[in-house]
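Some notes on the structure that comes next.
Protein chains: 2
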Amino acid sequence: MEKEKNKVLLVEDDTNFGQVLRNYLELHDYVVELVRDGILGLAAFRREKFDVCLLDVMMPNMDGFTLAEEIRNVDPDVPLIFLSAKSMKEDILKGYKLGADDYITKPFDSDVLLSKIRAILKRNQELHEKQHSQVEFIVGSYHFNSKLRILKNGVTAQTLSPKENELLLMLCEYKNDLLPRELALKRIWGSDTYFNGRSMDVYIAKLRKYLKEDATVEIVNIHGNGFRLVVPV
Amino acid sequence: MEKEKNKVLLVEDDTNFGQVLRNYLELHDYVVELVRDGILGLAAFRREKFDVCLLDVMMPNMDGFTLAEEIRNVDPDVPLIFLSAKSMKEDILKGYKLGADDYITKPFDSDVLLSKIRAILKRNQELHEKQHSQVEFIVGSYHFNSKLRILKNGVTAQTLSPKENELLLMLCEYKNDLLPRELALKRIWGSDTYFNGRSMDVYIAKLRKYLKEDATVEIVNIHGNGFRLVVPV
DNA sequence: ATATTTTGTTAAAAAGATGTTACAAATGAG
DNA sequence: CTCATTTGTAACATCTTTTTAACAAAATAT
């Protein structure tokens, strides 16, 4: 099993600097999406899942602070780091007020940035793991262990692939409630696109096959909205 | 599934400037309706649902301030932004008095306008989400869950389509009171046109069919005005 | 009373989303 | 490298939702 590369959203209007920084980060095993202004940044953020966002403060179209608010609106938890030539105290304070995880003033040492990113990612991943604490679920007559990726029904056991596992996990977290398509797509597939959507439908079909032994359990589609794992209460 | 674009009503008598601004906004993913005076602006506003209105102050036929009052008359909540060459304090104050959300003096930076629009839309959408907080309703012997789009009567459950769901939701919000046609058409269909009206009538018929198990529940037409969901109190 | 407008109702067409299977491509293990 | 597993894509079938048309009935206006 390969650890997935971390995705960085880099919003920077200085093309030269942006390219350099992107190359540097890619060299250190990050997947980087570089966009040149706040509008494109927000569009990218809505479309894809990022592990951390690096935002230039002064940009055309939408400045970094405004962009930060918009991003926070979509995801209150994603780590934000401001990059700025400004070193004025009030700007830095404003940045932190917007829930920035860090604020770096240009010019800066690229190693420093890298270690800051690493530290933030580590902290955030630990947090994320804690949130995902529940690993065992009762689903009708089935027993599902999301850590071992095993779906058991009496004696018969089915091992699940990573994607099957994550999808069933999300369905269980939203048990008897609506699991919105976009949410699952962004969290499991990283972005909400047409093909990822079709892929998800394929996985839903697989899960239904695994779960068909217990007729009281079903994955119901809510047309245009998402899926619902229905289990007896 | 397509995320709906925000709709902007732009009332501006300077055709050139209007076109440019429209193109600019369309480029940033807004749907723009451009009209050249207050009369047409009011007509458009009565017909369609807009997320924000940009009103030029000095116009033939009906000036921006008068138009603003008329619009407020139809919808007290829609965000209004005045665009004006005037920078006189009393005019600005008059604008805010009429419940303007912002007042921009020409010439202005288009980025500034854009970020103002965004900020206003965001605030308004949050407000809107809070209003839509109620998801469960008792309708006679029925139980209606608008999130899961399920209408239950004892054991029998009917899943609703998105439009059926939204319409029943509005009827429930106006329970025992008049739900005006135009309001439902603007909110659910986006605009009050002949065909949308016919479509709505089709949906009313569908809902009546679903609700016919309980004779104490009925959707009554108020000729020329709208519908009323009558339930025992 | 008769014409006009609005609403009720049903059916069919058009558009869109999902279900399902098969296979190709990518990935990881040995 | 080779094999097994996992994932993504294509293709086609099916189901849902929405719109439009057509005609009937009711309400209102002339």
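One line per chain: the protein sequences are P and U, in this order.
Be aware that the first sequence starts at 1, since it is given in the working numbering, and climbs by one per residue.
Be aware that the second sequence starts at 1001, since it is given in the working numbering, and climbs by one per residue.
Glycine residues also receive a C-beta, built at the ideal position from the N, C-alpha and C atoms.
Answer yes or no: does any C-beta atom of chain U fall closer than 8 Å to that of residue i?
i: P:L179; result: no
i: P:E12; result: no
i: P:R47; result: no
i: P:M58; result: no
i: P:R235; result: This structure does not reach residue 235 of chain P, given that chain P is present from 1 up to 233, and the question cannot be answered.
i: P:T66; result: yes
i: P:G224; result: yes
i: P:R228; result: yes
i: P:N73; result: yes
i: P:N61; result: yes
i: P:E218; result: no
i: P:L80; result: no
i: P:L9; result: no
Tell me where the beta strand (DSSP E) around residue i begins and ends.
i: U:S1084; result: 1080 to 1084
i: P:V74; result: Taken as a continuous stretch (DSSP letters only), P:V74 belongs to no beta strand (DSSP E), being part of the alpha helix (DSSP H) at 64 to 74.
i: U:K1152; result: 1150 to 1153
i: P:L160; result: Premise fails: P:L160 is in no beta strand (DSSP E) and is neither H nor E.
i: P:V230; result: 226 to 230
i: U:Y1142; result: 1142 to 1145
i: P:D56; result: 52 to 56
Say whether chain P places a C-beta atom closer than 8 Å to the C-beta of residue i.
i: U:M1001; result: Because U:M1001 sits at a pLDDT of 44, beneath the cut-off of 50, its placement in the model cannot be relied upon, and the point is left open.
i: U:N1006; result: no
i: U:D1051; result: no
i: U:H1143; result: no
i: U:D1111; result: yes
i: U:K1122; result: yes
i: U:S1115; result: yes
Between residue i and residue j, which are expected to be in contact by the criterion C-beta below 8 Å, what is the C-beta distance as a whole number of angstroms?
i: U:V1163; j: U:Y1203; result: Correcting the residue type first, residue 1163 of chain U is Lys in the shown sequence and not Val. Right, their Cβ atoms sit about 6 Å apart.
i: P:D51; j: P:N23; result: That pair is no contact at about 19 Å.
i: U:L1322; j: U:G1041; result: The first residue shown for chain U is 1001 and the last is 1233, placing residue 1322 of chain U beyond what the model contains.
i: U:K1186; j: U:E1048; result: 7 Å
i: P:N73; j: P:I39; result: 15 Å between Cβ atoms; not a contact.
i: U:T1066; j: U:R1036; result: The pair is not a contact, with the Cβ atoms about 15 Å apart (cut-off 8 Å).
i: U:N1165; j: U:R1181; result: No, U:N1165 and U:R1181 are not in contact; Cβ-Cβ is about 18 Å, not under 8 Å.
Grab the span of the alpha helix (DSSP H) containing residue i for me, first residue to last.
i: U:V1247; result: This structure does not reach residue 1247 of chain U, given that chain U is present from 1001 up to 1233, and the question cannot be answered.
i: U:V1202; result: 1194 to 1210
i: U:R1181; result: 1181 to 1184
i: U:E1218; result: Looking at the DSSP string, U:E1218 is not in any alpha helix (DSSP H); the run it does join, the beta strand (DSSP E), is 1218 to 1222.
Using a Cβ-Cβ cutoff of 8 Å, what residues of the stretch 1147 to 1171 of chain U are near chain P? List them in chain order. K1147, L1148, R1149, T1159, S1161, P1162
Just list the alpha helix (DSSP H) runs in the stretch 1003 to 1045 of chain U, keeping only unbroken ones of 4 residues or longer that don't cross its boundaries, in chain order. 1015 to 1027
Unbroken alpha helix (DSSP H) runs of length 4 or more, entirely within the stretch 1087 to 1121 of chain U: which are they? 1089 to 1097
Which residues, in chain order, does the stretch 25 to 43 of chain P contribute to contact with chain U at a C-beta distance below 7 Å? I39
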